[in-house]
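Undergrad: In the numbering used here, the protein residues as written are 5 to 113. Ideal Cβ positions, reconstructed from N, Cα and C, are used throughout, including at glycine. Computed from a predicted model, the values in this text were never measured in an experiment.
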Amino acid sequence: MTDIQGEVWWGPAPHKSDGAYRPWLVVSDSSHPFSADECIVVAMTTQNHPDGIPVPDEAWTRGGSNKEAYVSPWYVTTIKHRDLDNQQGELADALVAEAIEALHGYTSL
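#1: So, V59 versus V45, is the Cβ gap smaller than 8 Å?
#2: Could you pull out every unbroken beta strand (DSSP E) segment of at least 3 residues lying fully inside the region 50 to 77, listed in chain order?
#3: The alpha helix (DSSP H) spanning G109 covers which residue range?
#4: Could you name the residues of the same chain whose beta carbon sits closer than 6 Å to that of A63, not counting the 5 residues immediately before and after it, in chain order?
#5: Please report the straight-line C-alpha distance between A17 and A24, rounded to a whole angstrom.
#6: When the Cα of E105 is compared with those of I8, N90, Q91 and W78, which residue comes out closest?
#7: Give me the Cα-Cα distance between H4 and I57, rounded to the nearest whole angstrom.
#8: Between the C-alpha atoms of Q51 and S34, what's the straight-line distance to the nearest angstrom?
#9: Could you tell me if E42 is buried or exposed, where buried requires 16 or more neighbouring beta carbons within 10 angstroms of its beta carbon?
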């Protein structure tokens, strides 16, 4: 399985109780050195945290959410493709770019 930048998948939530799952936005692309096996993701949530990026209904190019959704660009991890299941959808390039830019903002020199 190769995930595509912008896709939203459900997967395990590190630092949560056993069995906790959450939606993840794939932000890496095929240039990731292990893209055949894993991807870089940022968390999505239904909670409106400071610096969270709102996901309006029109930002879903495929699938969607029946609750308000936000991207948490500070909550980043690497996940193996085998640990992701149940694709929720895909987000517009502009929103993905905003999330990646926000993530870069936390790592600027």
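TA: In short, the structure shows the following:
#1: Looking up residue 59 in the sequence shown gives position 55. Looking up residue 45 in the sequence shown gives position 41. Not closer than 8 Å, so no.
#2: With a minimum length of 3 residues, the continuous beta strand (DSSP E) runs that stay inside the region 50 to 77 are 57 to 59 and 64 to 67.
#3: Walking along the sequence shown from the start, residue 109 turns up at place 105. In the DSSP annotation of this structure, the continuous segment of the alpha helix (DSSP H) that includes G109 starts and ends at D97 to G109.
#4: One-based indexing of the sequence shown puts residue 63 at position 59. These residues qualify, in order along the chain: L95, A96 and L99.
#5: Position 13 of the sequence shown, counted from the start, is the residue given in the question as residue 17. Position 20 of the sequence shown, counted from the start, is the residue given in the question as residue 24. Their backbone Cα atoms lie some 6 Å apart in a straight line.
#6: Against the sequence shown, residue 105 aligns to sequence position 101. That would be W78, whose Cα lies nearest to the Cα of E105.
#7: Because the chain in this structure spans residues 5 to 113, residue 4 falls outside the shown range and cannot be described.
#8: Taking the first residue of the sequence shown as 1, we reach residue 51 at position 47. Taking the first residue of the sequence shown as 1, we reach residue 34 at position 30. Straight-line Cα distance between these residues: approximately 30 Å.
#9: As a first step, residue 42 must be located in the sequence shown, where it is residue number 38. Here E42 is buried: its Cβ has 16 or more other Cβ atoms, across all protein chains shown, within 10 Å.
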